[in-house]
Each structure stands twice: as structure tokens, then as C-alpha cells.
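Data first, discussion second: the structure below is written as C-alpha cells.
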Amino acid sequence: MKNIKYLFGLAFILGVFNARAQKAELWNNKQCAVVLTYDDAINADLDNVVPALDSLKLKGTFYLIGSSPVVELRMQEWRNAAARGHELGNHSLFHPCDGSLPGRGFVTPESDLSKYTVARAVAEIKQNNTLLKAIDGKDQRTFAYPCGDLKIGGELFYNRLKADFAGARGVGAGLQTIAQVNLENINCYFINRHSAEYMIDLVKQAERSHTLLVFLFHGVGGGHNINVDKKEHSKLLHYLKANENNIWIAPMVTVANYIKKHQKLTHMN
296 MKNIKYLFGL AFILGVFNAR AQKAELWNNK QCAVVLTYDD AINADLDNVV PALDSLKLKG
356 TFYLIGSSPV VELRMQEWRN AAARGHELGN HSLFHPCDGS LPGRGFVTPE SDLSKYTVAR
416 AVAEIKQNNT LLKAIDGKDQ RTFAYPCGDL KIGGELFYNR LKADFAGARG VGAGLQTIAQ
476 VNLENINCYF INRHSAEYMI DLVKQAERSH TLLVFLFHGV GGGHNINVDK KEHSKLLHYL
536 KANENNIWIA PMVTVANYIK KHQKLTHMN
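Sequential numbering of the sequence shown, starting at 296, is according to this note's numbering.
Below, the structure written as C-alpha cells:
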């Protein structure tokens, strides 16, 4: 009887150990995945962020607005960043936002998504893909919803773009397991004047829960009214580098493809 109890106890312990091991292996054999994303194609991306990432051999995703003058004037620098492994993601051609929503006084008539047709929005996003491919030569990338707006006239416009992207980043916050991630609206944490302590705590939460953590940055060290201090950002990057044995840090397109493959295999089983 004692032997049977011992065997049951051993089986339980091994089961728990194996479950934990499987969780850890889900993120490219790391405890969690972290994606660093930067929106709007601003000078600070090339002046502050890319050099900081490159100095630590980390890779990020930059969501470019095709009409941004920083794309036109610094195209070779974007091309160089892509060649070093950073993702140039699609943030639309003109960054249209729904001006009919509360707090959207900044939306101009020309960039009011509520005045768009779905066909127009889809066409402009596809045009931006063409521009981005001309810069980096790549066929695969991810999309980020301008202002997090998902619908035009009640229709989810991304439904017409699923074949064009590996996934789409939204603006809703949350840590998610690989099974929970919705690749059509990936969660993220919006960073605006937050401390390194806050950001690092999010990473630690992701490590403990074996989840995906996506950061959404705009300005780093200035250049945008949504901003994070350059030193605080640097502290986050150094924490990630120091713990990269446990944390998988990769561009959104790489992580999205990994998630898609895993979810497909799980669904088949």
C-alpha cells in the first residue's frame, strides 16, 4: 500500500514537473516572449531606439506610417535597420482614426476612419505593404491598428487583410498564453511616461505566467507627445538582455508566426 501511494505521489510530481516544462518550452524554449513595438515612424526611432537595440543585439518592430516624412527622408536608415533584423510593420498609409469616437478632436476630416469605406482602408494598407516591401524586400510583416480602431461601419476591416499579414497588434492590455493570443488583435501594454520599474515588473509577470508581453511605445527620449524617458527605456532593455536565457525577445512577425504554427498544431491534435 505504501509503495502504491509512493508511486502515485511520484507520478503526480512528475506530472506537475512535465506540465511546467511544457509551458516553459512553448516560447522558443524560454519562459515567456517579449515584443518591443514602436509606432508612427518618428525620428526618435532611428536616433534613439535602433542604436539602443543594436548595442544589445535586441530586435524590435517599428510600425511605419507610409506617409510619414521620416520614412521618405530616412529611407536608407530604415532599410539598414531591417537588414539588421528589425521588423518594419504596417501602421497604414495615412494613420486614419475614427473621429466619431469621444476624445478624437485631433482627427482631421481627411484622416477620419469613420468617413472611409472598407475598400479604401484596405487599399491604403495594401499600398503601404508595397512601400514597405520596396524598402526591406520582405513579404511577411504584421499590422498595427491606428488608434486601435478595428471597424468601419460595423465591419472588421482586417477580415479582408488576413492573408496579407502574420498578425495584427491592437491596443488592449493583457498577458496571454500562447493558446489565448488572438492574432487578429494582439494585446499590448501602452507605455506613456512609465518607469523602468513598472515595465520590468510586467516582464517578471510574464515570466511567472509563461505569457506573451507586447510593449507599445511611441516617443523614446522625446519626439512624440506619448513618450518614455530614454534612461527608463534603457533600463528595460538591459533587464531583457541580462535575462534573455529565460525571455524570448523577438520582432512581432517572428512571434506571430510561431504562435500561428503552435495554435494550428494544437487545433489539429
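Even for Gly, the Cβ is constructed at its ideal location relative to N, Cα and C.
Small disclaimer: the values here were computed from a predicted structure and weren't measured.
Cut-off 6 Å between Cβ atoms - residues of its own chain near residue i, not counting five sequence neighbours on either side
i, result
"A328", "W322, L507, W543, V550"
"S395", "S409"
"F438", "N385, F460, A463"
"G450", "Inspection of the sequence shows that residue 450 is occupied by Glu rather than by Gly. Closer than 6 Å at Cβ, skipping near neighbours: V413."
"Q317", "Note that Q317 has pLDDT 46, beneath the 50 cutoff, so the model's placement of it is unreliable and the number below is only indicative. Correct list: empty, nothing qualifies."
"E372", "L341"
Per-residue DSSP class, three states only, for residue i
i, result
"I430", "helix"
"C442", "helix"
"I554", "helix"
"N487", "coil"
"R464", "strand"
"D407", "strand"
"A474", "coil"
"H390", "coil"
Start-to-end residues for the alpha helix (DSSP H) that takes in residue i
i, result
"A468", "Here A468 belongs to no alpha helix (DSSP H), and DSSP marks it neither H nor E."
"D340", "No alpha helix (DSSP H) contains D340, which DSSP labels as neither H nor E."
"H533", "525–537"
"Q435", "Here Q435 belongs to no alpha helix (DSSP H), and DSSP marks it neither H nor E."
"I495", "491–504"
"D458", "For clarity, residue 458 is Ala in the given sequence; the question names Asp instead. No alpha helix (DSSP H) holds A458; DSSP gives it neither H nor E."
"P397", "Where P397 is concerned, there is no enclosing alpha helix (DSSP H), given that its DSSP letter is neither H nor E."
"R374", "370–378"
For residue i, the residue or residues it bridges with in DSSP
i, result
"G384", "Y358"
"E450", "I447"
"W322", "K325"
"V515", "V523"
"I481", "R464"
Start and end residues, beta strand (DSSP E) containing residue i
i, result
"W543", "542–544"
"A328", "327–334"
"L507", "507–512"
Proximal residues to residue i (C-beta, below 8 Å), its chain only, five neighbours per side dropped
i, result
"V466", "Y440, C442, G443, C483, F485, L511"
"D349", "R379"
"R369", "N338, L341"
Buried or exposed (CB count within 10 angstroms, at least 16 for buried), residue i
i, result
"N424", "buried"
"P397", "exposed"
"T403", "exposed"
"Q326", "buried"
"P391", "buried"
"S490", "exposed"
"D434", "exposed"
"E502", "buried"
"H562", "exposed"
"A377", "buried"
Close-in-space but distant-in-sequence residues of the same chain around residue i (CB under 7 Å, 5 per side omitted)
i, result
"V417", "F452, R455, L456"
"R488", "N522, V523"
"S529", "A347"
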